[in-house]
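Asks: Protein sequences appear in the order of chains Y and E.
The number in our numbering is simply the position in the first sequence, starting from 1, with 799 added.
The number in our numbering is simply the position in the second sequence, starting from 1, with 155 added.
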Amino acid sequence: MTRIEISPLQRWQDYLREGVLAYQYSPDADRAVFYPRVLCPFGGKAPLEWRVSSGRGSIYSISLVHNPKADPHAVALIDLDEGFRMMAIVEGAAGTPDEIGRRVVVRIGQPTAEGAAPTATFRWENAE
Amino acid sequence: MRQLPQRGSVAIVGVAESDLGVVAPGLTPLDLMGQAIQRALDDCGLSLSDVDGVFSAASQLRMPTISLCEYLGVKPTYTDSSYLGGASFQSLAAHAALALEAGLCNVAVIAYGSTQRSARGTFVPQRDQNEYDSAARPRLPVTGYALAAARHMHLYKTTREDLADIALAARSWAQLNPVAFDRRPLTREDVLNAPMISSPLGAKDCCLVTDGGAAVVMVRADRARELAKPPVWLLGAGEAQEHHSITQMADLTSTGAARSGAQAYAVARLNPNDIDVAQVYDAFTITTLLFLEDLGFCPKGEGGRFVQDGGIAPGGRLPVNTSGGGLSYCHPGMFGLFTMVEATRQLRGECGDRQVAKADTAIAHGNGGVLAGQSTLILGTSAAL
Chain Y
800 MTRIEISPLQ RWQDYLREGV LAYQYSPDAD RAVFYPRVLC PFGGKAPLEW
850 RVSSGRGSIY SISLVHNPKA DPHAVALIDL DEGFRMMAIV EGAAGTPDEI
900 GRRVVVRIGQ PTAEGAAPTA TFRWENAE
Chain E
156 MRQLPQRGSV AIVGVAESDL GVVAPGLTPL DLMGQAIQRA LDDCGLSLSD
206 VDGVFSAASQ LRMPTISLCE YLGVKPTYTD SSYLGGASFQ SLAAHAALAL
256 EAGLCNVAVI AYGSTQRSAR GTFVPQRDQN EYDSAARPRL PVTGYALAAA
306 RHMHLYKTTR EDLADIALAA RSWAQLNPVA FDRRPLTRED VLNAPMISSP
356 LGAKDCCLVT DGGAAVVMVR ADRARELAKP PVWLLGAGEA QEHHSITQMA
406 DLTSTGAARS GAQAYAVARL NPNDIDVAQV YDAFTITTLL FLEDLGFCPK
456 GEGGRFVQDG GIAPGGRLPV NTSGGGLSYC HPGMFGLFTM VEATRQLRGE
506 CGDRQVAKAD TAIAHGNGGV LAGQSTLILG TSAAL
């Protein structure tokens with residue numbers, strides 16, 4: 800039995816610290832896996848591999864989240880080109896259904912406060 | 156392998172709510188469960204000394220059956236506190252039916268109680284740790300449902316007006332229910348102009364936050380026929396768990412209710428067009444729409460047209476959430492058990508001004524988390540057996 804030395808979350812955040820959006824891949828199922836975990840949810844056989852995403856994808860759905868004490872922000876489900884889906888903020892989005900399908904690209908933000916986690920937000924691909 | 160309870164093996168014989176809305180200061184979830192249980196036992200002529208099966212799920216109690224049995228002074232032969240969020244209670248009814256069938260208990264009580272409104276500011280509902288999602292600062296659970304609504308609008312041209320008509324239908328039913336929390340007049344403009352929470356869902360697309368509790372008593376068929384009220388038979392049950400985080404839901408416009416409903420219909424040997432009255436967990440307006448589609452009352456994508464212009468209001472094509480639902484009647488944290496109470500009362504013909512003319516079959520559908528746990532019951536009168 801091998802003890803887990805680095806949690807899936809820490810490894811994912813370590814990749815972000817290197818400026819990389821990572822995900823897991825199941826060679827057994829030939830499918831992307833996200834969120835990261837310690838076993839494959841498609842049968843649990845083979846160990847999962849870590850892979851690097853292009854950070855490009857499209858909006859699966861989106862909502863403008865209103866906050867009592869801050870400006871609203873757009874939260875989206877993003878289908879990455881490698882075949883996994885994640886929740887993230889889309890900067891500059893209106894959060895309306897007509898934005899569904901639009902292309903986005905990741906922007907990785909490094910923490911300014913010590914101990915804080917890096918962030919993966921998205922912006923419109925054609926706004927690069 | 157048989158998993159589901161048999162058609163008509165058990166019946167709901169007693170139902171009740173506790174005090175609802177804003178309850179007296181100091182009342183606890185257990186007090187409300189106790190009050191509802193007493194009323195539900197009175198409803199069928201049984202007493203606490205008959206109860207040997209205790210079933211509960213609760214958001215404010217860590218060990219609900221342990222604390223409830225202590226409160227009641229009941230030493231149960233069987234308990235179950237399975238937790239699927241707001242869908243727990245349909246599943247607990249199915250589990251109670253299996254336990255009754257197996258002789259593990261003879262009188263099963265399913266109870267729920269919450270002081271979520273009175274406890275606002277002190278009680279914070281527990282959220283599961285999910286660092287991957289929380290970085291985006293969604294307002295859960297609303298944002299999960301908002302993402303489903305936006306996707307439905309994108310694919311099927313569903314509109315905010317369609318969703319508003321769901322809120323209006325709920326309000327129209329609530330105006331016929333003396334114990335509904337919000338019976339004030341409501342217009343489509345009121346819904347559309349309400350403060351936005353997580354677009355496209357505004358404040359009037361969201362359920363109430365109230366206090367309240369409920370209880371349901373179930374027994375085997377032989378005993379059911381001897382009690383005070385006509386039995387309401389459990390004809391079919393089904394359960395489906397698809398995901399936990401909304402990111403893991405394969406298709407945001409197609410819920411596990413399609414699977415749980417299909418199981419329940421199969422056991423009940425009924426089709427959607429055989430159902431006289433539908434009680435579906437309406438945490439948000441979009442929830443009602445998705446479940447009407449997934450439970451087979453209209454084709455996928457047609458939900459907007461189905462609910463338009465009073466389609467599910469009194470006098471509409473299908474009576475849905477005749478209590479006023481979570482949107483207008485009550486929503487004390489979890490609504491699942493209340494759908495079973497109202498379905499039972501409709502089948503008994505006890506609903507006064509909101510009584511449906513012909514009610515021999517009913518569906519009571521529970522929803523937990525962000526469209527995560529789905530659990531369906533089909534109930535019927537003796538005429539439907």
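Think of the CB as a built atom: it goes at the ideal place given N, C-alpha and C, for glycine as much as any other residue.
(1) Please report the straight-line C-alpha distance between GLU804/Y and PRO917/Y, rounded to a whole angstrom.
(2) Do ARG326/E and LEU347/E have their CB atoms nearer than 8 Å?
(3) LEU879/Y versus chain E: which residues are under 9 Å apart at the beta carbon?
(4) Looking at C-alpha atoms only, which residue of ALA248/E, LEU182/E, ILE518/E is the closest neighbour of THR536/E?
(5) Strictly below 8 Å CB to CB, what residues from chain Y border HIS399/E?
(6) Please report the straight-line C-alpha distance between THR232/E and CYS260/E, rounded to a whole angstrom.
(7) Relative to the C-alpha of ASP406/E, which residue among LEU310/E, THR298/E, PHE278/E, ARG162/E is closest?
(8) How do the region 269-286 of chain E and the region 370-383 of chain E stand: do at least 3 beta-carbon pairs fall below 8 Å, yes or no?
(9) For the region 842-857 of chain Y, which residues have a beta carbon sitting closer than 8 Å to at least one beta carbon of chain E?
(10) Could you tell me which chain Y residues have their CB closer than 7 Å to the CB of PRO293/E, listed as they occur along the chain?
(11) Could one say the Cβ of SER354/E lies closer than 8 Å to chain Y's Cβ atoms, at least one of them?
(12) With 8 Å set as the bound, which would you pick, yes or no: does the beta-carbon of MET308/E sit closer than that to a beta-carbon of chain Y?
(13) Tell whether a beta-carbon distance below 8 Å holds between LEU389/E and LEU532/E.
(14) Which residues mark the beginning and the end of the alpha helix (DSSP H) in which MET188/E is found?
(15) Secondary structure at ASP174/E, three-state DSSP: helix, strand or coil?
(16) Between the region 328-335 of chain E and the region 907-916 of chain Y, can you find at least three pairs of beta-carbon atoms closer than 8 Å?
(17) Let me confirm a value: LEU552/E is counted as buried when at least 16 other C-beta atoms fall within 10 Å, else exposed. Which label applies?
(18) Sort PRO469/E, ARG315/E, SER415/E, LEU425/E by Cα distance to PHE446/E and report the nearest one.
(19) Output needed for PRO350/E: all residues of its chain with C-beta closer than 7 Å, excluding positions within five of it in sequence on either side, in chain order.
(20) Compare the C-beta of ALA438/E against all C-beta atoms of chain Y and say whether one is closer than 8 Å.
(21) Sort TYR436/E, PRO386/E, THR442/E, LEU253/E by Cα distance to SER478/E and report the nearest one.
(22) Please confirm if the region 280-290 of chain E is in contact with the region 197-210 of chain E, defined as three or more CB-CB distances below 8 Å between the two stretches.
(23) Tell me which same chain residues have a C-beta within less than 8 Å of the C-beta of ALA305/E, skipping the five on either side of it?
(24) Would you mind reading off the limits of the alpha helix (DSSP H) that contains ILE401/E?
(25) Look at VAL496/E and ASP431/E and say whether their C-beta atoms are less than 8 Å apart.
(26) Name the chain E residues whose beta carbon is nearer than 8 Å to that of ILE861/Y?
(27) List the endpoints of the continuous alpha helix (DSSP H) containing PHE452/E.
(28) Is the region 828-843 of chain Y touching the region 876-893 of chain Y, taking contact as three or more C-beta pairs under 8 Å?
(29) Once DSSP output is grouped into helix, strand and coil, what is the label at THR443/E?
(30) Pick out whichever of ARG816/Y, PRO826/Y, TYR822/Y, VAL837/Y has its Cα sitting closest to the Cα of THR801/Y.
(31) Using beta carbons (cut-off 8 Å, strictly below), is LEU318/E in contact with chain Y?
(32) Taking the DSSP output, what are the residues bridged to SER825/Y?
(33) Find the nearest neighbour of LEU482/E within the set CYS362/E, ALA179/E, ASN426/E, VAL297/E, judged by alpha-carbon distance.
(34) Would you mind reading off the limits of the beta strand (DSSP E) that contains MET886/Y?
(35) If we count the other Cβ atoms within 10 Å of its Cβ and call it buried at 16 or more, is GLN809/Y buried or exposed?
(36) Quick one: list the residues of chain E neighbouring PRO896/Y, beta-carbon separation under 8 Å, in chain order.
Replies: In brief:
(1) 20 Å
(2) no
(3) Under the 9 Å cutoff, chain E gives no residues; its nearest Cβ is about 11 Å from LEU879/Y.
(4) Scanning ALA248/E, LEU182/E, ILE518/E for the CA closest to the CA of THR536/E turns up ILE518/E.
(5) Neighbours of HIS399/E on chain Y: none; closest Cβ ~11 Å, over 8 Å.
(6) Rounded to the nearest angstrom, the two C-alpha atoms are 6 Å apart.
(7) LEU310/E
(8) Inter-segment contact for the region 269-286 of chain E and the region 370-383 of chain E is absent: fewer than three beta-carbon pairs are separated by less than 8 Å.
(9) none
(10) Listed along the chain, the chain Y residues whose CB falls inside 7 Å of the CB of PRO293/E are VAL864, VAL874, MET886.
(11) yes
(12) Answer yes: the Cβ-Cβ gap between MET308/E and chain Y drops below 8 Å somewhere.
(13) yes
(14) Start and end: 184-199.
(15) Looking at ASP174/E - three-state DSSP - the assignment turns out to be coil, as it is neither helix nor strand.
(16) Contact fails between the region 907-916 of chain Y and the region 328-335 of chain E, because fewer than three Cβ pairs, one in each stretch, are under 8 Å apart.
(17) There is no way to answer for residue 552/E, as the model of chain E reaches only from 156 to 540.
(18) SER415/E
(19) GLY357, ALA358
(20) no
(21) TYR436/E
(22) no
(23) Same-chain partners within the cutoff: SER354, PRO355.
(24) Per DSSP, ILE401/E is not a residue of any alpha helix (DSSP H), being assigned neither H nor E.
(25) no
(26) LEU302, ALA305
(27) It is not in any alpha helix (DSSP H) - PHE452/E carries neither H nor E in the DSSP assignment.
(28) yes
(29) helix
(30) For the options ARG816/Y, PRO826/Y, TYR822/Y, VAL837/Y, the alpha carbon positioned closest to that of THR801/Y is the one of VAL837/Y.
(31) No, no contact with chain Y.
(32) ARG830/Y
(33) Out of CYS362/E, ALA179/E, ASN426/E, VAL297/E, CYS362/E has the C-alpha closest to the C-alpha of LEU482/E.
(34) 884-888
(35) exposed
(36) Here the neighbours are ALA305, ARG306, MET308, HIS309, PRO355.
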